[in-house]
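Going down the list, the protein sequences come from chains C and L. Residue numbers for the first sequence follow our numbering, beginning at 449 and rising by one. Residue numbers for the second sequence follow our numbering, beginning at 144 and rising by one. Ideal Cβ placement from N, Cα and C applies to all residues, glycine included.
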Amino acid sequence: MEVPAEFEAFVRASRPTLLRTAYLLAGDRHRAEDLVQETLVRVARRWERCAGAPLAYARVTLHRLAIDDYRWRRRRPETPVDGVDGPALADATNAIEGRLVLAQALSRLTAAQRAVLVCRFFDDLTEAQAAQVLGISPNTVKSQTRRALARLRELGPELLTDAAETMGGAR
Amino acid sequence: MSTELRSLLVELAQDADEWETPDPATQAARAWSAGRSQRGRARLLIALAAAAVLLLAWPVGAWLVGRSGPLRPDPPASDAAAQGLRLPERIARADPLTADTGAGTTLREYAGPVAAIVWPGAYEPLALGADGAFRRFDAGEPSARAAWASVSPDGTRVAWVTCRTDQSAAGPADPACEPDELHVRNLRSDPPGSSSVVDLAELRWGQESATLDSRVLRWSPSGELLLIGASPVGSSGVAPVRAVVVDDSGRVTPVHSIHEIAGWRDEAHVVSWELTGSATDDPTSGSVLRLRTIQLRTDASAPLVDLTPADAPGPDPVQVLAPVVMSVDGDLVTAAGSTVHRFVWRVDGRQVATHRRLDDRELRTLPARGGFVEWTAQRCLADAGTGRCRIAVDPRLAVQQPAIATDALDRPLIQSWLGTRTSLVFWYWPWTAAAALAVAVVAGGLVIREKRRSRERRRPVGAPGS
Chain C
449 MEVPAEFEAF VRASRPTLLR TAYLLAGDRH RAEDLVQETL VRVARRWERC
499 AGAPLAYARV TLHRLAIDDY RWRRRRPETP VDGVDGPALA DATNAIEGRL
549 VLAQALSRLT AAQRAVLVCR FFDDLTEAQA AQVLGISPNT VKSQTRRALA
599 RLRELGPELL TDAAETMGGA R
Chain L
144 MSTELRSLLV ELAQDADEWE TPDPATQAAR AWSAGRSQRG RARLLIALAA
194 AAVLLLAWPV GAWLVGRSGP LRPDPPASDA AAQGLRLPER IARADPLTAD
244 TGAGTTLREY AGPVAAIVWP GAYEPLALGA DGAFRRFDAG EPSARAAWAS
294 VSPDGTRVAW VTCRTDQSAA GPADPACEPD ELHVRNLRSD PPGSSSVVDL
344 AELRWGQESA TLDSRVLRWS PSGELLLIGA SPVGSSGVAP VRAVVVDDSG
394 RVTPVHSIHE IAGWRDEAHV VSWELTGSAT DDPTSGSVLR LRTIQLRTDA
444 SAPLVDLTPA DAPGPDPVQV LAPVVMSVDG DLVTAAGSTV HRFVWRVDGR
494 QVATHRRLDD RELRTLPARG GFVEWTAQRC LADAGTGRCR IAVDPRLAVQ
544 QPAIATDALD RPLIQSWLGT RTSLVFWYWP WTAAAALAVA VVAGGLVIRE
594 KRRSRERRRP VGAPGS
C-alpha cells in the first residue's frame, strides 16, 4: 500500500511533538509510543477528512486515547493510580530529581488532571482551547486544573513554589 | 502562570527526544496500512449492517403497507358469478405435490371457480382454485390419471383428459399416455358439481373412428362449448386435424372441415388455419398461411383467406412463423411463432399490425383475450404489449406453462406485498430475512470484536493479559 507523501511528511514533522505530549500524558515510554502509534493510525484512517489540520486532529485523538487508556488501566490496576498511596517521592533538590518528582507526581494524577495540565502548561492552550481538545467545558477545565495543581502541591510542594500565581494566572 | 511547572514539564518531555524510535517512513507506512485497513473494515461492516437493516425493514414495511388496504382492491360488486374468480399476483407453492390425500384435495369437493391450471414439472396438472388452494383433477380410476386440462374463460367449467398408463411417473407429453376419457365438470353453484364424461374411444365422424391427439382444448367465449382437436384413427401427422365440439350435456358434435384450431370467433363460429406449400412439401415454393372460418351448426366453411405477414424477416415470411400459435378475439387473429415477430390480421386477411416481441428467450405464447400473454423465462405471465409481468409463478412449482381463466386476467389481481418480483430472493424471503439477520448478527459481532481488539491494541504494555 503506497503511503501518501503528505502523510509521511506529517508523521516525520509531528512525531516528536506527539511523543513528548504522550510521554507527559502516559508517564511511560512504551505507553507513550503505543499512544502515538494508535494516534497515527487514527489519523491515517481519517486522512481525507483531517488533511487540512492533521496535527490538531492528532492532538485531540492523543488526549482522548490517553484518557481511555487511563480508564482502562483504572479498571485493571497494576500500579497505584489516583488517590492511592505509593512510595515516597524523591526529594527535588536538583533538576534531575525535580523531573523525577514531577513524573512520579503526574503518575498519581487522574488522566483528566494530567491532560489539563499538559494542555495548559505544556501545549500552552487557553482554557477554551483545552476544553475543545479534551471535549469538556471550560469550567471543567478550570476546576480540573485547580484540583491538579492542588494535588501536585500536595505531592511535591517544592514543584510549585508559586502556586498562587499559577492559579491566578490561569487564563 | 507557573513558569517553573512549565519548564519542568518541557524538561521532562524532552526525555522523549532521546528515545530510539523507528524510522518515520516505516512508522508512517505501518500506521497508514493499519488505518486504511480499519477504515475498509469499518465501511464493510457499515455496508453489511445497512444491507441487513434494509433487507429486514423492507418486507416488514411492505407488509404494513399491504395491510393498510390500498394494495388490495375490492372486486367490483357487479358480475356476482365471477366475484370469486381472481388470480393471485403471485402463484406460490402451497405444497401441491403432497395434496393428494385427505378431503378437499380434488376438484370433486370443490364448488368455486378455477383461476388457473399449472403443470408442476412432469406431474399431473393441478387446478388453482379462487381460494388459492391447489387441487388435483379426478382421474376416475386408479389406473388412469389426468394428463392435460383446460379452464373456461369464466373459470366455472374445466375439462381434462385422462389417460391410462402403467408408468405412473410419465408426464403429459409421454406417448405412452393414451387418451382415455374426457371429463367436463361444471363448477357453477347451480347445479353444483355436475359433470360429464366422454369416452374418447367412442369418438366418431359418421363411420370413421377418431382419436384425440392435438391436445388442444379450447372453450368457447361463453364456456358452453368445448372444441377439442382430434384425428382419424391411423392418420399420419400430416393428415388434416379434425375436431369435435362438446356441449354442456356432454354431447359430441364433429367438425369436419377444420384444420389446425385457431380459436373461437364467437359461439357459432370457429377459426381454423393451415400452412400449405411448406418446405416439407416443396422446398422451392413459398409457404402460405391460410385461414378459414367455420359455421358450427351447418359445418359450412367460408372461403380460405391467405394471410401474408408483412415486414417479416427472411425469404419465406410464413416459415418464420412456424410453429404457429394462434389466438382469436372477435374479428382479430393473432399469430406468433418462433421468431421475434407477432402478426395481427382481421379474419378477412387484412393485416392490422406487426409487433416485435419483447424478448426472444424461452418465451411461450398463451392465447388470451385480445391476443396473447407471454410466458417468460422468469416464470412470469407478461402482457404481450408492454412486457410487464402481471403474474409471477413460483419456480419451485417448476411450471412449464400455466393455463389461465381469461376472465381472471381482466379482473383485479389478488395483490401480494412482494408484488411480481421474480428473483429467488423474494420467493425465498423467509430464508433471505433469516440470512440478513445472520449477517446483521455477524456484522455486530465483528464490530464488537473490532472494538475489543482496538482496546487490546491500546492496552498498556505489561498489563494483565497483554
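Self-check item: Alpha-carbon spacing of Val413/L relative to Pro397/L, whole angstroms
Solution: Rounded to whole angstroms, Val413/L to Pro397/L spans 13 angstroms at the Cα level.
Quiz prompt | 4-residue-minimum alpha helix (DSSP H) runs that sit fully inside the region 453-482 of chain C, ordered along the chain | solution = 453-474, all fully within the region 453-482 of chain C.
Quiz item: Does the region 187-195 of chain L come within contact of the region 572-589 of chain L, defined as at least 3 CB pairs closer than 8 angstroms?
Solution: These segments touch.
Quiz item: When you check each C-beta in the region 273-293 of chain L against every C-beta of chain C, which residues fall closer than 9 angstroms?
Solution: So nothing in the stretch comes that close.
Self-check item: Alpha carbon of Thr164/L to alpha carbon of Gly178/L, nearest angstrom
Solution: If you take the alpha carbons of Thr164/L and Gly178/L, they lie about 20 angstroms apart.
Practice problem: Determine the burial state of Ile404/L: buried for a count of at least 16 other Cβ atoms within 10 Å of its Cβ, exposed for fewer. | Solution: Ile404/L should be labelled buried.
Practice problem: Would you grab the beta carbon distance between Gly255/L and Gly275/L for me? Rounded to a whole angstrom, and I think it's under 8 angstroms. | Solution: Under the criterion of beta carbons closer than 8 angstroms, Gly255/L and Gly275/L do not qualify as touching, at roughly 10 angstroms.
Self-check item: C-beta atoms of Ala259/L and Ile547/L nearer than 8 angstroms
Solution: In this structure, the beta-carbon distance from Ala259/L to Ile547/L falls below 8 angstroms.
Practice problem: Taking only beta-carbon positions, decide if Ala181/L is within less than 8 angstroms of chain C. | Solution: The sequence given here has Gln at residue 181/L, not Ala. Output row for Gln181/L: interface = yes.
Quiz prompt | Interface flag, Ser176/L vs chain C, CB-CB below 8 angstroms | solution = True, the Cβ-Cβ gap to chain C drops below 8 angstroms.
Quiz item: Who are the neighbours of Pro167/L on chain C, taking C-beta pairs under 8 angstroms?
Solution: Residues of chain C whose Cβ lies closer than 8 angstroms to the Cβ of Pro167/L are, in chain order, Glu456, Val459, Arg460, Arg463.
Quiz prompt | Reduced DSSP category for Thr441/L - H, G, I as helix; E, B as strand; rest coil | solution = Reduced to three states, the DSSP call for Thr441/L is coil.
Exercise. Would you grab the beta carbon distance between Ala596/C and Val549/C for me? Rounded to a whole angstrom, and I think it's under 8 angstroms.
Key: In fact, because the Cβ distance is near 15 angstroms, the residues do not count as touching under 8 angstroms.
Quiz item: What number of angstroms, rounded off, separates the C-alpha of Ala159/L from the C-alpha of Ala474/C?
Solution: For Ala159/L and Ala474/C, the distance between alpha carbons rounds to 12 angstroms.
Exercise. Measure the C-alpha to C-alpha separation of Leu503/C and Pro538/L and round it to an integer number of angstroms.
Key: For Leu503/C and Pro538/L, the distance between alpha carbons rounds to 60 angstroms.
Quiz item: Roughly how many angstroms lie between the CA atoms of Arg186/L and Ala506/C, to the nearest whole one?
Solution: The straight-line gap from Cα to Cα measures roughly 22 angstroms.
Quiz item: the region 496-512 of chain C: which residues have C-beta closer than 7 angstroms to a C-beta of chain L, in chain order?
Solution: Residues of the region 496-512 of chain C that bring their beta carbon within less than 7 angstroms of a beta carbon in chain L are absent altogether.
Quiz item: Among residues of its own chain, excluding the 5 on either side of Leu510/C, which ones have a beta-carbon nearer than 8 angstroms to its beta-carbon?
Solution: Leu466, Thr469, Ala470, Leu473, Leu483, Val484, Thr487.
Quiz item: Less than 8 angstroms separating the beta-carbons of Phe277/L and Ala270/L?
Solution: It is a contact, given that the beta carbons lie within the stated cut-off.
Practice problem: Go to Trp291/L, then tell me how far its beta strand (DSSP E) extends in each direction, as first and last residue. | Solution: 287-294 is the span of the beta strand (DSSP E), which, as asked, contains Trp291/L.
Quiz item: Excluding five sequence neighbours on each side, which residues of the same chain lie with their C-beta closer than 6 angstroms to the C-beta of Ala235/L?
Solution: Around Ala235/L: Asp537.
Quiz item: Closer than 8 angstroms, Cβ to any Cβ of chain C: which residues of the region 149-167 of chain L, in chain order?
Solution: Taking 8 angstroms as the upper bound on Cβ-Cβ separation, chain C lies near residues Arg149, Leu151, Leu152, Val153, Glu154, Leu155, Ala156, Gln157, Asp158, Ala159, Asp160, Trp162, Thr164, Pro167 of the region 149-167 of chain L.
Quiz item: What did DSSP end up calling Thr593/C once you bin it into helix, strand or coil?
Solution: Thr593/C falls in the helix class under three-state DSSP.
Exercise. Rounded to whole angstroms, what's the CA-CA distance from Gln592/C to Leu600/C? Just pull it up for me.
Key: About 12 angstroms.
Quiz item: Taking the alpha-carbon positions, what's the Val448/L to Thr419/L distance?
Solution: Approximately 12 angstroms, taken between the alpha carbons.
Quiz item: Does any C-beta atom of chain L lie closer than 8 angstroms to the C-beta of Gln577/C?
Solution: Answer no: the Cβ-Cβ gap between Gln577/C and chain L never drops below 8 angstroms.
Quiz item: Which residues in the same chain have their Cβ closer than 6 angstroms to the Cβ of Ala289/L, if we skip the five residues on either side of it in sequence?
Solution: Spatial neighbours of Ala289/L in its own chain (CB-CB distance under 6 angstroms, excluding positions within 5 residues in sequence) are listed in chain order as Glu267, Pro268, Phe280, Ala282, Trp303, Thr305.
Quiz item: What separation, rounded to the nearest whole angstrom, lies between the Cα atoms of Arg149/L and Phe570/C?
Solution: In this model, Arg149/L and Phe570/C are separated by some 6 angstroms (Cα to Cα).
Quiz item: Do you know whose CA, among Val489/C, Ser555/C, Arg477/C, lies nearest Val451/C's CA?
Solution: The shortest Cα separation from Val451/C among Val489/C, Ser555/C, Arg477/C belongs to Val489/C.
Practice problem: Can you grab the Cα-Cα spacing for the pair Met144/L / Glu161/L, in whole Å? | Solution: Summary for Met144/L: the model assigns pLDDT 46, below 50, so the residue's position carries little reliability, and this model does not support an answer.
Practice problem: Could you pull out every residue in the same chain whose Cβ sits closer than 8 angstroms to the Cβ of Gln170/L, ignoring the five residues on either side in sequence? | Solution: Within the same chain, Gln170/L has close Cβ partners Thr164.
Quiz item: Straight-line CA distance for Thr451/L to Glu417/L?
Solution: Rounded to whole angstroms, the gap between the alpha carbons of Thr451/L and Glu417/L is 13 angstroms.
Quiz prompt | Exposed unless 16 or more other CB atoms sit within 10 angstroms - verdict on Leu152/L | solution = Result: buried.
Quiz item: Cα separation between Glu454/C and Leu580/L?
Solution: Taking the straight line joining both Cα atoms gives about 42 angstroms.
Quiz prompt | Cutoff 8 angstroms; reference Gly272/L; Cβ partners in own chain excluding five residues on either side | solution = Excluding its 5 nearest sequence neighbours in each direction, Gly272/L has C-beta neighbours in its own chain below 8 angstroms: Tyr253, Gly255, Pro256, Val257, Ala258, Arg278, listed in chain order.
Exercise. Over the uninterrupted beta strand (DSSP E) stretch that includes Thr396/L, give me the two end residues.
Key: Start and end: 395-398.
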